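The next block holds one structure in the form of structure tokens; read it before the comments.
Protein chains: 2
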Amino acid sequence: MARPESDRPTTDIPTDATTRLSIGVDIGGSNIRGALVDSVGAVHTVIAEATPDTVKELDDTLTVVIERLVADQPAGTVVGVGLAVAGFLDRDRRIVRFAPHLPWVDRPVGEILADRWGLPVLLEHDANSAGWAEYRHGAAAGARVGVVVTIGTGIGAALLVDGELFRGAHGVAPELGHLQVVPGGRRCPCGKRGCLERYCSGTALVDTATELALEGDYAGPLAQTLRAARGGVVGRDVVSAADAGDPLGVDTMHRFGDWLAVGLASVVDVFDPDCIVLCGGMARRSIRELGDVQARLRPLATGGAHRPLPDVRLGMLGETAGLIGAADLAAARFGGPSVTAAG
Amino acid sequence: MARPESDRPTTDIPTDATTRLSIGVDIGGSNIRGALVDSVGAVHTVIAEATPDTVKELDDTLTVVIERLVADQPAGTVVGVGLAVAGFLDRDRRIVRFAPHLPWVDRPVGEILADRWGLPVLLEHDANSAGWAEYRHGAAAGARVGVVVTIGTGIGAALLVDGELFRGAHGVAPELGHLQVVPGGRRCPCGKRGCLERYCSGTALVDTATELALEGDYAGPLAQTLRAARGGVVGRDVVSAADAGDPLGVDTMHRFGDWLAVGLASVVDVFDPDCIVLCGGMARRSIRELGDVQARLRPLATGGAHRPLPDVRLGMLGETAGLIGAADLAAARFGGPSVTAAG
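One line per chain: the protein sequences are A and B, in this order. Note that the working numbering gives residue 198 to position 198 of the first sequence, counting from 1, and the numbers run on in steps of one. Plus 1000 on top of the position in the second sequence (first one is 1) and you've got the working numbering.
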């Protein structure tokens, strides 16, 4: 059921007369990653930068990325820029309303940067961009109702219905990470308690391991490390411990898997998808932890014994999914005749 | 914000040449309610029967309802029948897969009854039917993304996007009542624990009141009645007690309101609607309990301070919403030229 995940390699740019490129830039809280993307979703010339803290530095850094990507291309080859943004956008995709890890607030980013760059600019939510990429060129291709769930430090989601991104009435992407799943539960930076993201994400693993270590009598190295220096342990350490057979690590991953199954059952209940694609840093490990996904979902999804359940697949585009999707949306809007879906 | 709810009165059937009627039948676990519905959603000649336990009796009872409704109409006036069913249907709306309170299992109800009645028959999920009615002729008219939530003995939901019912990839309506909101929480007849419906529905009120009575030192009549004879108390009694100022009743309704706010915040997170309509037996009381809905939702919905929140309204069609919606869908499919949306 799972397909192999791979970051697409940077490939030579085709040189035939039909070459049309767009630029995709994924603007995350820590890093900016930009690339040229061609009409079949292949990625060329990836550039990565740290994400600055101020509006001026952010705009300047993005400008450097765009200039370097455009520099060697013949005039007119690059049709536009798509920016994948981890934040709230207005419905028309002109304004970044608020992004928790970026300095833009109520800023008409598209127009400002388009004027500066002399290229049309489109904004999209980063989870939507990744979802669109997986639909156009990856594991969600052909889905009637596809949900692309990104599991990393947090949880992101995109919903694709009959070949279109569902953006809601106000342009806010489907938000699953902050559904309350434990009343009075773990504190979340969003201000609430008991959000799904606090139990089912890479950053949640350390909390779970710490709670389990307090409850049980664990002897392995992970429990020792946690007791000695909790501050130094990150989610990746928990995964590594589990993979090495550490009992606390294994139990922590089981809890993660249980929460993930509950979360995916909620996805089944509310969206009734035929395809769920898992992306992000925890995706591959998640698929492994879930095991027989349909068997896990059947007792958790409402009427699970009497309804078809979705195929659950690993994303195919890795960490470039966001920029590929943004570039593809920009190509579709600014590139003239519509492009053809792969898959 | 709230509009008045009213069961539409049975009105005289218009007699001009453009009269076109369809039949809507709402088939619930306890009662069957059928009526003639005209092209503006007005209800004529309502017939109610108890829901039988066997397939033969159910089919026979429905046949009696249809025959009585058709009896006095000129031939050709009634264009078809829409059945609103509380259960899982296949995507093509031909087969009832499974309905927890009905004897039909994997039965091609539409064809069987169409043959028997000599009229085309369409099936729709009851929550979808009610949602469609509120969109076409009620409180959700004009919604870009509308969610119609039915709160009674359980929770039902319908999602309307750009004027169409969202049915998912397999025809299963959006299901909110059995999302897990309390790990290891109250037992649900669905087999799981901690489902939203067990905290936020008419039937949940007695459980909440009983738990509160055990925790606190309540003196009012509801607490006394619960101690004396728990089995005899139903949700309606709790609501009445609250409305009479009984402290346990009031606290129980506050808890209900808190859960409802959490549930609606989840609706905002996953669907980003511009309009939420509350229907069902608990709807009017729910709106009152919520008070300033937007103020309740702002801290609970993700990014609530940075996004538009939906208007929350009371349904306008009362308990006939389900049959009106089913009839309207039947009229649209079987009645020739498309009908015009009111509102």
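For every residue, glycine included, the Cβ atom is placed at its ideal position computed from N, Cα and C. Owing to the predicted nature of the structure, the values given are computational and were not obtained by experimental measurement.
- Per DSSP, reduced to three states, the secondary structure at alanine 71 of chain A is helical.
- Listed as beta-bridge partners of serine 22 of chain A by DSSP are A:Val37.
- Of all residues in the region 1137 to 1160 of chain B, only Ala1143, Arg1144 and Val1145 place a beta-carbon less than 8 Å from a beta-carbon of chain A.
- Any Cβ of chain A closer than 9 Å to the Cβ of lysine 1056 of chain B would place that residue at the interface, and such an atom is absent.
- Every unbroken stretch of the alpha helix (DSSP H) spanning 4 or more residues and falling wholly within the region 251 to 331 of chain A is given here in chain order: 283 to 290 and 293 to 297.
- DSSP places arginine 1227 of chain B inside the alpha helix (DSSP H), whose first and last residues are 1221 to 1228.
- Counting only runs of 3+ residues, the beta strand (DSSP E) found wholly inside the region 96 to 176 of chain A occupies 96 to 98, 105 to 107, 121 to 125, 145 to 151 and 155 to 161, in chain order.
- Within its own chain, the residues whose Cβ lies closer than 8 Å to the Cβ of valine 78 of chain A, once the five positions on either side in sequence are excluded, are Leu21, Ser22, Ile23, Leu36, Leu69, Val70 and Leu119, listed in chain order.
- Under the Cβ distance rule, serine 1266 of chain B counts among the residues neighbouring chain A, one pair being separated by less than 9 Å.
- Each residue's CA atom was taken as its position, placing valine 148 of chain A and valine 277 of chain A some 5 Å apart.
- Taking all protein chains in view, the Cβ of alanine 1075 of chain B is surrounded by fewer than 16 other Cβ atoms within 10 Å, so the residue is classified as exposed.
- A Cβ-Cβ separation of about 16 Å leaves aspartate 272 of chain A out of contact with valine 1145 of chain B under the 8 Å criterion.
- A contact is defined here as three or more CB-CB pairs under 8 Å, and the region 234 to 243 of chain A meets this definition with respect to the region 196 to 210 of chain A.
- Boundaries of the beta strand (DSSP E) around glycine 82 of chain A: 78 to 85.
- When Cβ pairs closer than 8 Å are counted between the two stretches, the region 1150 to 1157 of chain B is seen to touch the region 1124 to 1139 of chain B, the count reaching three or more.
- Contact between the region 24 to 32 of chain A and the region 43 to 51 of chain A is present, with at least three C-beta pairs closer than 8 Å.
- Pairing arginine 94 of chain A with glycine 80 of chain A gives a Cβ-Cβ distance that is not under 9 Å.
- Residue environment for valine 1085 of chain B: buried (at least 16 other C-beta atoms within 10 angstroms of its C-beta).
- Per DSSP, threonine 1203 of chain B lies in no alpha helix (DSSP H) segment and is marked neither H nor E.
- In this structure, aspartate 274 of chain A sits away from alanine 1157 of chain B, with a CB-CB distance that is not shorter than 9 Å.
- Threonine 63 of chain A counts as exposed, since fewer than 16 other C-beta atoms from the protein chains shown sit within 10 angstroms of its C-beta.
- Exclusion of the five residues before and after arginine 1193 of chain B leaves Gly1184, Gly1185, Arg1186 and Arg1187 as the residues of its chain whose Cβ lies within less than 7 Å of its Cβ.
- Apart from sequence neighbours up to five positions away, the residues of its chain that approach leucine 102 of chain A with a beta-carbon distance below 8 Å are Ile27, Gly29, Thr51, Leu58, Val85, Ala86, Gly87 and Val96, ordered along the chain.
- Considering only beta carbons, no part of the region 121 to 138 of chain A lies closer than 9 Å to chain B.
- Of all residues in the region 267 to 289 of chain A, only Asp269, Val270, Phe271, Asp272, Pro273 and Asp274 place a beta-carbon less than 7 Å from a beta-carbon of chain B.
- Among the residues of chain B, those whose CB is under 9 Å from the CB of arginine 97 of chain A are Gly1303, His1306 and Arg1307, following chain order.
- Look at the region 19 to 49 of chain A: it has no residue with a C-beta under 9 Å from a C-beta of chain B.
- A buried status is given to alanine 326 of chain A, since no fewer than 16 other beta-carbon atoms sit within 10 Å of its beta-carbon.
- Only residues of its own chain outside the window of five on either side were considered, and among them Cys188, Cys190, Lys192, Cys195, Leu196 and Glu197 have a CB closer than 8 Å to the CB of histidine 178 of chain A, listed in chain order.
- When DSSP reads this structure, phenylalanine 1334 of chain B sits in no beta bridge, so it has no partner.
- Residue pairing by DSSP places isoleucine 27 of chain A opposite A:Ile32 and A:Val85 in a beta bridge.
- Close partners of glutamate 1175 of chain B in chain A (Cβ separation under 9 Å): Val268, Asp269, Val270, Asp272, Ala301, Thr302 and Gly303.
- Within the region 79 to 91 of chain A, the residues whose Cβ lies closer than 8 Å to any Cβ of chain B are, in chain order, Phe88.
- In the structure shown, threonine 1051 of chain B adopts coil according to DSSP, grouped into three states.
- A Cβ-Cβ separation of about 6 Å places leucine 1083 of chain B in contact with valine 1121 of chain B under the 8 Å criterion.
- Straight through space, the alpha carbons of proline 308 of chain A and alanine 265 of chain A are spaced by roughly 13 Å.
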